[in-house]
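Protein chains in written order, with my numbering: chain V, 1 to 473; chain G, 1001 to 1280.
The beta-carbon is built from N, C-alpha and C at its ideal position, and this holds for glycine as well.
A short worksheet on the structure shown next.
Structure follows, in structure tokens:
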């Protein structure tokens, strides 16, 4: 039987309509589409897709169940490896992971693994009536710092093994970047809440409003009887470029802009937290966070939104689907451009002019691609004298973050690298301090949800081994 | 949820509350701050810790009713609960090696200056204080300052209480008269701190200021609270809130503080209209 060469397209909201609302863009496969897509899987023996997944979801196995119409069976297969399937099905960069290894992808389009994962998880969540089997306690207490993807994964895996896990979250809501960073239209917050509720059913205790490093220290957690600590405190302070004008009103870090909109719901008309509803917006950067910020600005009512990126479309680090969605929605890509200055309004005759100090434009310089850098990406070279000004009233810097200093500053014996990232043994997540493990952006700097989940999983396994050893002694 | 243990009106626009938050009370030191949300969907606002009672697990906050959120907070009473209360955040005021200090507070900033003055007193330093207000109706914490200060000057803009004038007048006088302060600490409106620095700089008296910029998470994630200090970008939430006053770019901080002036005006009006409706 001939295989269908193309992936079944994902039903989506019309670009013009979705560019003005915060509802989810992708609508999800139906049962029929899912079964048809699953039938494209060759079920090959060497399972290359599994090795492309940072948490090694048994992909051919779950797809086989979908083929048979046994969707709950498929769900059980996925959850053998992943604690957050509804999240991963939406935000993983499948094109560089599982789907990049798919045998079908050599000649045709790979199987839509991410779309199938999402379908299975959503169907389970919609119908779910099952009761969770609470594992028998093994008497050990573990503390998890941060409730983002690495922390939730680590907590889930340990709870399922019988550990008493407490997750400490600094913000008022659990989910980390899944709630403050990734917008509703890409990852509905109800899905995150549902995943958190599932963990609670397994006995995970989530304490919000506790900042480890301030409210309590890592050493105090040990004094309180926790035998191991996983640090998944995430990325920290946003980076700025160091160009003139970055302190003008209307210049945001992507973290601030997205936190206002996502966590604080500033996009709602009745919101108590303000956000600038700018008409023309420049977002500096080319990653997923830049795409999220640009598309959020559009939905907040902007007429024109530019992505300002110093390399070309080829080098954009964002997920392919996000770039495509952004283009469809009308985001303009000012590629091979590097900002040199942000311009502001200044009325020399009236110091009290309320417009003073607000952004009026961003000066950018054209670039061309030079020799590759150490990572193999071609380095942008600025072209002298090519500057011009984009008229904008808001600039959002989405050029990365540096790790949060709170834990390293208050934890003796915890070694960090020159960037401030916690140093760990990669295969275990073990840090320089006995009983302390770490993973996610706190270790790597800004990366993806699934890599953070992988790190949480690795650490959970290592913590289990560490505490089981202690039992034997 | 966090219980309001006590509530007291210090003047018509400034309220003191003690909030039950034992973990925060255990750790909080002078100069640190907390972030609270009054209710679900509320905004996160930073308030500097005005004191704490570890035995009762209580943290004191003093706030001025200036916008929608502080109005909503002030509408709560003893025994009511607020949604979120997290801290202590920021770095505590440095007290090492300081034997003689002049604490300058302006308006509601006096609420933050008081625990600093008390801390120095406890550590055996000689404390002089200057507190300034617009008029006599707005004077707060005068007795408390008197109790922990060897010298105290109360200033009002209109002369209706204490001396008429601004806080920098006695400060300059005292420095010129030969008071050798190891440090001056200024806490109050940006414009006041700017002028305190302009007063102390010619005498080269080390001056610390407490910055209170717009903030969201308060834990070093969003970057909204950034300031330029000594030509570098600093974050008030994790690097501060105290900074070397000689290095702070006050003009920039003042400009940034008005970013949401329109929104705040609207919120305030909405808040007032709500209260009007309730009263009817």
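- Message: Judging by CA-CA distance, which residue of V/309, V/17, V/202 is the nearest neighbour of residue 83 of chain V?
- Response: Residue numbering aside, residue 83 of chain V sits at position 83 when the first chain is read from its first letter. Residue V/202 is the option with its Cα nearest to residue 83 of chain V.
- Message: Whole angstroms are fine: how far does the CA of residue 1138 of chain G sit from the CA of residue 1155 of chain G?
- Response: Position 155 of the second chain holds residue 1155 of chain G. Position 138 of the second chain holds residue 1138 of chain G. Residue 1155 of chain G and residue 1138 of chain G: Cα-Cα distance of roughly 11 Å.
- How far does the beta strand (DSSP E) with residue 306 of chain V in it reach, from first residue to last? In the first chain, counting from the first residue as 1, residue 306 of chain V sits at position 306. Annotation: the continuous beta strand (DSSP E) that includes residue 306 of chain V extends over 304-309.
- In the region 261-273 of chain V, which residues sit with their C-beta less than 7 Å from some C-beta in chain G, listed in chain order? 264, 265, 272, 273
- Is it right to say residue 1280 of chain G is buried, meaning 16 or more other beta carbons lie within 10 angstroms of its own, or is it exposed? To locate residue 1280 of chain G, count along the second chain from 1; it is residue 280. Annotation note: pLDDT 41 at residue 1280 of chain G (below 50); position unreliable, coordinate value reported separately. Exposed, because fewer than 16 other Cβ atoms sit within 10 Å of the Cβ of residue 1280 of chain G.
- Query: When the distance is taken between beta carbons, is residue 158 of chain V closer than 8 Å to residue 37 of chain V?
  - Reply: Your numbering for residue 37 of chain V matches position 37 in the first chain. Your numbering for residue 158 of chain V matches position 158 in the first chain. No, Cβ-Cβ distance for residue 37 of chain V and residue 158 of chain V is not below 8 Å.
- Query: Could you give the distance in angstroms between the alpha-carbon of residue 1172 of chain G and the alpha-carbon of residue 1200 of chain G?
  - Reply: What you label residue 1172 of chain G is simply residue 172 of the second chain in a count that begins at 1. What you label residue 1200 of chain G is simply residue 200 of the second chain in a count that begins at 1. Going from the Cα of residue 1172 of chain G to the Cα of residue 1200 of chain G covers about 7 Å.
- Item | Residue from V/392, V/369, V/235, V/387 whose Cα sits closest to the Cα of residue 407 of chain V | In the first chain, counting from the first residue as 1, residue 407 of chain V sits at position 407. Closest by alpha carbon: V/235.
- Classify residue 90 of chain V as buried or exposed, calling it buried when 16 or more other Cβ atoms lie within 10 Å of its own Cβ. Residue numbering aside, residue 90 of chain V sits at position 90 when the first chain is read from its first letter. That one is buried.
- Does DSSP classify residue 230 of chain V as helix, strand or coil? Walking along the first chain from the start, residue 230 of chain V turns up at place 230. Strand at residue 230 of chain V.
- Query: Does residue 1153 of chain G have its Cβ less than 8 Å from a Cβ in chain V?
  - Reply: Position 153 of the second chain holds residue 1153 of chain G. Cβ-Cβ to chain V under 8 Å: no for residue 1153 of chain G.
- Do you know how far the Cα of residue 147 of chain V is from the Cα of residue 453 of chain V? Numbered from 1 along the first chain, position 453 holds the residue referred to as residue 453 of chain V. Numbered from 1 along the first chain, position 147 holds the residue referred to as residue 147 of chain V. Straight-line Cα distance between these residues: approximately 11 Å.
- Task: Report the neighbours of residue 170 of chain V on chain G: residues whose CB is nearer than 9 Å to its CB, in chain order.
- Result: Here residue 170 of chain V refers to the residue found at position 170 of the first chain. Ordered by position in chain G, the residues that pass the 9 Å Cβ test against residue 170 of chain V are 1086, 1217, 1218, 1219, 1221.
- Since residue 162 of chain V contacts residue 188 of chain V with CB under 8 Å, what's their CB separation in whole angstroms? Start at 1 with the first residue of the first chain, and residue 162 of chain V comes out as number 162. Start at 1 with the first residue of the first chain, and residue 188 of chain V comes out as number 188. Not confirmed; about 32 Å, so no contact.
- Item | Per-residue contacts from residue 1268 of chain G into chain V (C-beta, under 9 Å) | Taking the second chain and counting its residues from 1, one reaches residue 1268 of chain G at position 268. Going along chain V, no residue has its Cβ under 9 Å from residue 1268 of chain G, so there is no contact; the nearest lies around 12 Å.
- Task: Could you tell me which chain G residues have their CB closer than 9 Å to the CB of residue 359 of chain V, listed as they occur along the chain?
- Result: Taking the first residue of the first chain as 1, we reach residue 359 of chain V at position 359. Those within 9 Å of residue 359 of chain V in chain G number zero; the least Cβ separation is about 11 Å.
- Could you check where the beta strand (DSSP E) with residue 334 of chain V kicks off and where it finishes? Counting from one through the first chain, the residue named residue 334 of chain V turns up at place 334. 332-335 is the extent of the beta strand (DSSP E) around residue 334 of chain V.
- Query: Is DSSP giving residue 1278 of chain G helix, strand or coil here?
  - Reply: One-based indexing of the second chain puts residue 1278 of chain G at position 278. Its pLDDT being 48, under 50, residue 1278 of chain G is placed unreliably by the model, and the measurement read from it follows with that caveat. Here residue 1278 of chain G sits in helix by DSSP.
- Is the CB-CB distance between residue 1087 of chain G and residue 1035 of chain G below 8 Å? Walking along the second chain from the start, residue 1087 of chain G turns up at place 87. Walking along the second chain from the start, residue 1035 of chain G turns up at place 35. Result yes, Cβ atoms of residue 1087 of chain G and residue 1035 of chain G sit closer than 8 Å.
- Does residue 1068 of chain G get closer than 8 Å to chain V when you measure Cβ to Cβ? Within the second chain, numbered from 1, the residue matching residue 1068 of chain G stands at position 68. Answer yes: the Cβ-Cβ gap between residue 1068 of chain G and chain V drops below 8 Å somewhere.
- Item | Own chain, CB closer than 7 Å to residue 39 of chain V, minus 5 neighbours either side, in chain order | Taking the first residue of the first chain as 1, we reach residue 39 of chain V at position 39. Answer for residue 39 of chain V: 67, listed in chain order.
- Alpha carbon to alpha carbon, what distance is there between residue 1225 of chain G and residue 469 of chain V? Along the first chain, one-based indexing puts residue 469 of chain V at 469. Along the second chain, one-based indexing puts residue 1225 of chain G at 225. Rounded to whole angstroms, the separation of the alpha carbons of residue 1225 of chain G and residue 469 of chain V is 46 Å.
- Along the chain, where does the beta strand (DSSP E) that runs through residue 1128 of chain G open and close? Residue numbering aside, residue 1128 of chain G sits at position 128 when the second chain is read from its first letter. Per DSSP, residue 1128 of chain G belongs to the beta strand (DSSP E) from 1126-1133.
- Task: State buried or exposed for residue 44 of chain V, treating a residue as buried only when at least 16 other CB atoms are found within 10 Å of its CB.
- Result: For the purposes of this step, residue 44 of chain V is taken as residue 44 along the first chain, with counting starting at 1. Under this definition residue 44 of chain V is an exposed residue.
- Query: Beta-carbon of residue 1252 of chain G versus every beta-carbon of chain V: anything under 8 Å?
  - Reply: The residue given as residue 1252 of chain G occupies position 252 in the second chain. Yes, because at least one Cβ of chain V sits closer than 8 Å to the Cβ of residue 1252 of chain G.
- Task: Select from V/449, V/471, V/401, V/413 the residue whose C-alpha is nearest the C-alpha of residue 253 of chain V.
- Result: Position 253 of the first chain, counted from the first residue, corresponds to residue 253 of chain V. Selected option, being the one with the closest Cα: V/401.
- Task: Go through its chain and collect everything with a Cβ distance to residue 122 of chain V's Cβ below 7 Å, but skip five positions before and after it.
- Result: The residue labelled residue 122 of chain V in the question sits at position 122 within the first chain. 28, 86, listed in sequence order.
- Message: Which residue marks the beginning of the alpha helix (DSSP H) containing residue 1025 of chain G, and which one marks its end?
- Response: Here residue 1025 of chain G corresponds to residue number 25 of the second chain, with the count starting at 1. Element bounds for residue 1025 of chain G: 1022-1027.
- Task: Scan the region 206-235 of chain V for residues whose Cβ lies nearer than 8 Å to a Cβ of chain G and list them as they occur along the chain.
- Result: From the region 206-235 of chain V, only 208, 209, 210, 211, 214, 215, 216, 234, 235 have a Cβ closer than 8 Å to chain G.
- Task: Write down the C-beta distance between residue 1168 of chain G and residue 1203 of chain G rounded to the nearest angstrom, noting that I regard them as a contact closer than 8 Å.
- Result: For this step, residue 1168 of chain G is matched to residue 168 along the second chain. For this step, residue 1203 of chain G is matched to residue 203 along the second chain. Incorrect: roughly 12 Å between the Cβ atoms, too far for contact.
- Task: Find the nearest neighbour of residue 26 of chain V within the set V/12, V/377, V/316, V/317, judged by alpha-carbon distance.
- Result: Reading the first chain from its first residue, position 26 is the one you call residue 26 of chain V. The option with the nearest alpha carbon to residue 26 of chain V is V/12.
- Message: Under 8 Å: do the region 254-263 of chain V and the region 1204-1222 of chain G share three or more Cβ pairs, one atom per stretch?
- Response: yes
- Message: Looking at the strands, I want to know which residues DSSP matches up with residue 1005 of chain G.
- Response: Here residue 1005 of chain G refers to the residue found at position 5 of the second chain. Looking at the DSSP assignment, residue 1005 of chain G forms no beta bridge with any residue, so it has no partner.
- Hey, does residue 288 of chain V have any beta-carbon neighbour from chain C nearer than 8 Å? You won't find chain C in this structure, because its protein chains are V and G.
- Message: What residue range does the alpha helix (DSSP H) around residue 149 of chain V cover?
- Response: As a first step, residue 149 of chain V must be located in the first chain, where it is residue number 149. Residue range 149-160 is occupied by the alpha helix (DSSP H) that includes residue 149 of chain V.
- Out of G/1140, G/1023, G/1100, point me to the one whose CA is closest to residue 1114 of chain G's CA. If you number the second chain from 1, residue 1114 of chain G lands on position 114. Taking only the C-alpha atoms, the option nearest residue 1114 of chain G is G/1140.
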